[in-house]
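K.L.:
Sending over a structure as structure tokens; questions will come in a sec.
Protein chains in written order, with this note's numbering: chain C, 1 to 187; chain E, 1001 to 1078.
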């Protein structure tokens, strides 16, 4: 499937998988694809994305936050309270013995292995975004899929994992229009 | 000071009541959260044991698993 991908788009997909692995996620999702594109995009596309505040650093920070953030802790605390376990008390007790961040940093500190290396499969949302990127390339009569098409694919796919990250910075319609303009200009 | 009646209130509060919840969503979510807590506590205590000089074999014995299992899970080369 990747033979129609331009070099930068291939790099974006590879980086997406790398990011998923780094974040210890089970699948490569549309959010990781976005992260890959933000790093692989060059020139004008990069300028457009950065102009909206969409950079790899901000998006990665956001993802890392939601992975280990208070939300999952609070959800787990609620769930455990239903079986009589006070997660906050457990965390406090760990903090007293092993230090303030010992609970949150348990996995980083323990030397526990990360997921095995190798390809992480694409989520449904990511697959859809890739398919739609191909369609965007065809629709614009481009003979290869570039990062611009990947962004359009991600946006059109509508997978909430990526859309949420984008709309923190820019309206979807606005981003789409800016990229279509880039493509039209290049054509 | 905590009285005996207060203690029993704690153990038989809403928590204990929900432990037998018939709603699968509630029960399964609790199980999943418990798994996550278990993984986390295991990581903390394995790291602590290693820092205190415990062998992989000793840790494995304490956890009731094979030495290989512990070693494979935690011995990341850094």
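In this text, a Cβ means the ideal position worked out from N, Cα and C, and glycines have one as well.
From a predicted model like this one, the values you see are computed outputs, not experimental measurements.
Just to confirm my understanding: we take residue 52 of chain C, look at its own chain, exclude 5 residues before and 5 after, and list those with CB closer than 6 Å. What are they?
P.N.:
Working through the first chain from its first residue, we reach residue 52 of chain C at position 52. Here the set comprises 169 and 170.
K.L.:
Is the Cβ of residue 1043 of chain E closer than 7 Å to any Cβ of chain C?
P.N.:
Counting from one through the second chain, the residue named residue 1043 of chain E turns up at place 43. So, interface residue.
K.L.:
Could you tell me the distance, in whole angstroms, from the CA atom of residue 16 of chain C to the CA atom of residue 176 of chain C?
P.N.:
Counted from its first residue, the first chain places residue 16 of chain C at position 16. Counted from its first residue, the first chain places residue 176 of chain C at position 176. Computed Cα separation, rounded: 21 Å.
K.L.:
Between the alpha carbons of residue 1034 of chain E and residue 1048 of chain E, how many angstroms are there, rounded?
P.N.:
Taking the first residue of the second chain as position 1, residue 1034 of chain E is located at position 34. Taking the first residue of the second chain as position 1, residue 1048 of chain E is located at position 48. When rounded, the distance between both Cα atoms is 21 Å.
K.L.:
Residues of the segment 1060-1072 of chain E in Cβ contact with chain C at a cutoff of 8 Å, in chain order, please.
P.N.:
Going along the segment 1060-1072 of chain E in chain order, one finds 1072 with a Cβ nearer than 8 Å to chain C.
K.L.:
Kindly confirm or deny that the segment 37-56 of chain C and the segment 153-170 of chain C touch, where touching means at least three C-beta pairs closer than 8 Å.
P.N.:
Touching, per the Cβ criterion.
K.L.:
Please list the residues of the segment 121-149 of chain C that have a C-beta atom closer than 9 Å to any C-beta atom in chain E, keeping them in chain order.
P.N.:
Of all residues in the segment 121-149 of chain C, none has a Cβ within less than 9 Å of some Cβ in chain E.
K.L.:
DSSP on residue 1059 of chain E, reduced to helix/strand/coil?
P.N.:
The residue labelled residue 1059 of chain E in the question sits at position 59 within the second chain. Here residue 1059 of chain E sits in helix by DSSP.
K.L.:
Enumerate in chain order the residues of its own chain whose CB-to-CB distance from residue 1002 of chain E is below 8 Å, with the five nearest sequence positions on each side excluded.
P.N.:
Taking the second chain and counting its residues from 1, the one referred to as residue 1002 of chain E is at position 2. For residue 1002 of chain E, the predicted model reports a pLDDT of 43, less than 50, meaning its position is unreliable; a value from the coordinates is still stated below. Nothing meets the Cβ criterion.
K.L.:
Mind checking if residue 80 of chain C is an interface residue toward chain E, Cβ cutoff 7 Å exclusive?
P.N.:
As a working note, residue 80 of chain C is residue 80 in the first chain. For residue 80 of chain C, the answer is yes, since a Cβ of chain E falls inside 7 Å of its Cβ.
K.L.:
Counting contacts by CB-CB distance shorter than 7 Å, is residue 43 of chain C in contact with chain E?
P.N.:
Stepping through the first chain from its first residue, residue 43 of chain C is reached at position 43. For residue 43 of chain C, the answer is no, since every Cβ of chain E falls outside 7 Å of its Cβ.
K.L.:
In the DSSP assignment, find the unbroken alpha helix (DSSP H) run with residue 107 of chain C in it and report its ends.
P.N.:
By one-based count along the first chain, residue 107 of chain C stands at place 107. It spans 106-110 - the alpha helix (DSSP H) in which residue 107 of chain C sits, taken as one unbroken run.
K.L.:
What separation, rounded to the nearest whole angstrom, lies between the Cα atoms of residue 179 of chain C and residue 130 of chain C?
P.N.:
As a first step, residue 179 of chain C is located in the first chain; it is residue number 179 there, counting from the start. As a first step, residue 130 of chain C is located in the first chain; it is residue number 130 there, counting from the start. Rounded to whole angstroms, residue 179 of chain C to residue 130 of chain C spans 16 Å at the Cα level.
K.L.:
For residue 103 of chain C, which three-state DSSP category applies?
P.N.:
Translated into positions along the first chain, residue 103 of chain C becomes position 103. If DSSP states are grouped into helix, strand and coil, residue 103 of chain C belongs with coil.
K.L.:
Does DSSP classify residue 145 of chain C as helix, strand or coil?
P.N.:
Translated into the one-based positions of the first chain, residue 145 of chain C becomes position 145. The answer is strand: DSSP assigns residue 145 of chain C an E or B state.
K.L.:
Can you find at least 3 beta carbon pairs, one from the segment 2-10 of chain C and one from the segment 102-111 of chain C, that sit closer than 8 Å?
P.N.:
Output reads no: the segment 102-111 of chain C does not touch the segment 2-10 of chain C.
K.L.:
Three or more beta-carbon pairs under 8 Å between the segment 17-36 of chain C and the segment 119-127 of chain C, yes or no?
P.N.:
Cβ pair count under 8 Å is three or more, so yes.
K.L.:
Would residue 147 of chain C and residue 40 of chain C be called neighbours here (beta carbons separated by less than 7 Å)?
P.N.:
Reading the first chain from its first residue, position 147 is the one you call residue 147 of chain C. Reading the first chain from its first residue, position 40 is the one you call residue 40 of chain C. Cβ atoms of residue 147 of chain C and residue 40 of chain C: closer than 7 Å.
K.L.:
Just to make sure I have the definition right: I need the residues of chain C whose C-beta is within less than 9 Å of the C-beta of residue 1055 of chain E. Which are they?
P.N.:
By 1-based counting over the second chain, the position of residue 1055 of chain E is 55. Result: empty, since nearest Cβ-Cβ is about 15 Å, beyond 9 Å.
K.L.:
Check whether chain C comes within 7 Å of residue 1022 of chain E, counting only Cβ atoms and requiring the distance to be less than that.
P.N.:
Counted from its first residue, the second chain places residue 1022 of chain E at position 22. With 7 Å as the cut-off, residue 1022 of chain E does not count as an interface residue toward chain C.
K.L.:
Name, in chain order, the residues that DSSP records as bridge partners for residue 28 of chain C.
P.N.:
Working through the first chain from its first residue, we reach residue 28 of chain C at position 28. Bridge partners of residue 28 of chain C: C/122.
K.L.:
Of all the CB atoms in chain C, is at least one closer than 7 Å to the CB of residue 1052 of chain E?
P.N.:
Numbered from 1 along the second chain, position 52 holds the residue referred to as residue 1052 of chain E. Chain C, which has no Cβ nearer than 7 Å to the Cβ of residue 1052 of chain E, makes this no.
K.L.:
Return the CA-CA distance between residue 1054 of chain E and residue 154 of chain C, expressed in angstroms with no decimal places.
P.N.:
What you label residue 1054 of chain E is simply residue 54 of the second chain in a count that begins at 1. What you label residue 154 of chain C is simply residue 154 of the first chain in a count that begins at 1. C-alpha separation (whole angstroms): 49 Å.
K.L.:
Please check the pair residue 82 of chain C and residue 1069 of chain E, which I expect to be a contact at CB under 8 Å, by giving their CB distance rounded to whole angstroms.
P.N.:
Working through the first chain from its first residue, we reach residue 82 of chain C at position 82. Working through the second chain from its first residue, we reach residue 1069 of chain E at position 69. Contact doesn't hold; Cβ gap of about 30 Å is too wide.
K.L.:
With 16 as the cutoff for other CB atoms within 10 Å, does residue 1023 of chain E come out buried or exposed?
P.N.:
As a first step, residue 1023 of chain E is located in the second chain; it is residue number 23 there, counting from the start. Exposed: under 16 other Cβ atoms inside 10 Å.
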